[in-house]
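These notes are about the structure you will find just below.
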Amino acid sequence: MSERKAKLILSDANPTIANALRRVLIADVPTMAIEDVEFHLGTIAGREGDENEYESTTPLFDEIIAHRLGLVPVPTDLSLYNFKDECDTCDGEGCTNCTVIYSLNKKGPCTVYSGDLVPVGDTKSRVADELIPIVKLTKEQALLIYATAELGTSKDHGKWQPTSGVGYKYYPDIEVDKKCNQCGDCISKCPVNILEEKGKKIAVTDIEKCTLCNVCVKACPKDAITVKGLEDKFILSYDTDGSLSAEDVLKESLKILVEKFGNVAELVENLEEDSE
Amino acid sequence: MIIPVRCFSCGKVVGNVYEIYRNRVDKGDDPGEVMDELGIDRYCCRRMLLAHTDLIDEVKKF
């Protein structure tokens with residue numbers, strides 16, 4: 051597990067649990083993302099000592115710029131922020147407990163990067179990736195923007211999805227039995243090169259790399275090799291976009307899962323009461 | 011037009027590595043190796059960089 055990448059083994063599990071975890075990782079872990087973008091329209095004056103006047107036009111439509119800003123990952127501290135419509139302190143008006151406001155002020159000719167978004171107030175919320183090009187400006191063009199980020203889940207929009215490439219596979223198990231004559235056909239055929247000859251046996255170097263493709267099984271002239279996936283052990287892997295660390299995403303997803311199962315148990319209890 | 015912020019299929023941010031990728035490929039490096047080093051592993055993200063045509067410099071003149 052690193053900051054933005056994770057690979058873990060789920061043992062004593064089944065596909066139902068692995069898939070539930072996968073779905074929560076994709077759609078239920080909340081993150082911050084820019085939701086409202088306000089553009090300054092008309093002329094924009096240059097900074098002090100700059101006599102030029104700039105026009106608030108860009109090569110891209112404002113909608114496209116707003117959309118691109120929305121996709122920029124915003125670092126999220128889940129203990130700090132509430133969902134905007136459930137916020138106790140402001141009743142959905144927007145406050146420091148549910149929103150982060152960014153300003154962006156750039157004058158052409160230049161490329162506007164995601165790193166040009168300056169958080170108003172605290173500096174901890176600087177965007178995770180500073181080198182995402184947003185738009186390019188030419189001479190006498192400028193961009194003055196206020197953008198508001200809020201908490202959401204990717205059930206509503208993919209920009210709130212903290213993870214990508216979430217997937218799991220059965221833990222592979224390769225067995226070579228006595229019929230093996232060390233012909234080496236399987237070693238050369240393996241697409242991920244994890245088989246080698248060790249003494250007078252075929253050995254597996256990195257079992258977790260196996261994709262269960264069964265090429266070695268088909269290549270073996272003696273039918274000595276079997277590839278199976280263990281039914282109660284899984285390898286789960288995913289990336290994060292930098293809004294949350296890989297570890298935080300996992301902790302949060304497990305919390306959500308427990309909550310969801312708790313709800314189900316409660317509902318079932320109520321159901322029994324009703325039927326009596 | 012301009013490099014998409016995220017991969018269309020999986021949602022990984024690819025915009026942040028585009029300029030590094032472009033510079034190195036223009037210098038003559040192999041695109042596949044550059045993407046490996048930049049951590050663009052899946053083929054959905056790789057096609058985002060590989061198949062992109064940056065047209066914004068052509069368009070912004072108008």
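For the record, the sequence lines run as chains A and B.
Going from the first sequence to this note's numbering is simple: count from 1 and add 50.
Going from the second sequence to this note's numbering is simple: count from 1 and add 10.
All C-beta atoms in this analysis are idealised placements derived from N, C-alpha and C, irrespective of residue type, glycine included.
_Cβ contact check for the region 51-69 of chain B and the region 141-153 of chain A: 3 or more pairs under 8 Å_ = When C-beta atoms of the region 51-69 of chain B are compared with those of the region 141-153 of chain A, fewer than three pairs fall below 8 Å, so the two segments do not count as touching.
_Proximity below 8 Å, CB of residue 79/A to CB of residue 299/A_ = Translated into the one-based positions of the first sequence, residue 79/A becomes position 29. Translated into the one-based positions of the first sequence, residue 299/A becomes position 249. Yes, these two residues count as a Cβ contact at 8 Å.
*Using a C-beta to C-beta distance shorter than 9 Å, which residues of chain A count as neighbours of residue 31/B?*
The sequence position of residue 31/B within the second sequence is 21, counting from 1. Ordered by position in chain A, no residue passes the 9 Å Cβ test against residue 31/B, which lies about 11 Å from the chain.
*Closest by CA to residue 63/A, which one among 219/A, 256/A, 303/A, 137/A?*
Taking the first sequence and counting its residues from 1, one reaches residue 63/A at position 13. Residue 63/A has its Cα closest to that of 219/A, out of 219/A, 256/A, 303/A, 137/A.
*Residues within the region 181-211 of chain A neighbouring chain B, beta-carbon criterion of under 9 Å*: 181, 182, 183, 184, 185, 186, 187, 188, 191, 204, 208, 209, 211
*Would you give the residue range spanned by the alpha helix (DSSP H) that residue 104/A belongs to?*
The sequence position of residue 104/A within the first sequence is 54, counting from 1. Per DSSP, residue 104/A belongs to no alpha helix (DSSP H); it is in the beta strand (DSSP E), 103-105.
*Within the region 278-314 of chain A, ranges of the alpha helix (DSSP H) (whole runs, at least 4 residues)*: Taking only runs of at least 4 residues, no alpha helix (DSSP H) segment lies wholly in the region 278-314 of chain A.
*Return the first residue and the last residue of the beta strand (DSSP E) that residue 36/B is part of.*
Taking the first residue of the second sequence as 1, we reach residue 36/B at position 26. That residue, residue 36/B, is in no beta strand (DSSP E); its alpha helix (DSSP H) goes 28-36.
*CB residue 229/A to CB residue 179/A, shorter than 8 Å?*
Reading the first sequence from its first residue, position 179 is the one you call residue 229/A. Reading the first sequence from its first residue, position 129 is the one you call residue 179/A. No; because the gap between Cβ atoms is not below 8 Å, this pair is not in contact.
*CB contact below 8 Å: residue 21/B versus chain A*: Locating residue 21/B in the second sequence gives position 11, counting from the first residue. Judged by the 8 Å Cβ criterion, residue 21/B is in contact with chain A.
*Would you list the residues sitting across from residue 155/A in a DSSP beta bridge?*
Along the first sequence, one-based indexing puts residue 155/A at 105. Answer by DSSP bridge pairing, in chain order: 194/A.
*asked:* Under 8 Å, Cβ to Cβ, is there at least one residue of chain A near residue 50/B?
replied: Mapped onto the second sequence, residue 50/B falls at position 40. No, because no Cβ of chain A sits closer than 8 Å to the Cβ of residue 50/B.
*Does the region 34-50 of chain B come close enough to the region 185-192 of chain A that 3 or more CB-CB pairs lie under 8 Å?*
no
*Hey, is residue 179/A's beta-carbon within less than 8 Å of any beta-carbon in chain B?*
Within the first sequence, residue 179/A is the residue found at index 129, counting from 1. So, interface residue.
*Verify whether the separation of the beta carbon atoms of residue 69/B and residue 109/A is less than 8 Å.*
Along the second sequence, one-based indexing puts residue 69/B at 59. Along the first sequence, one-based indexing puts residue 109/A at 59. Closer than 8 Å, so yes.
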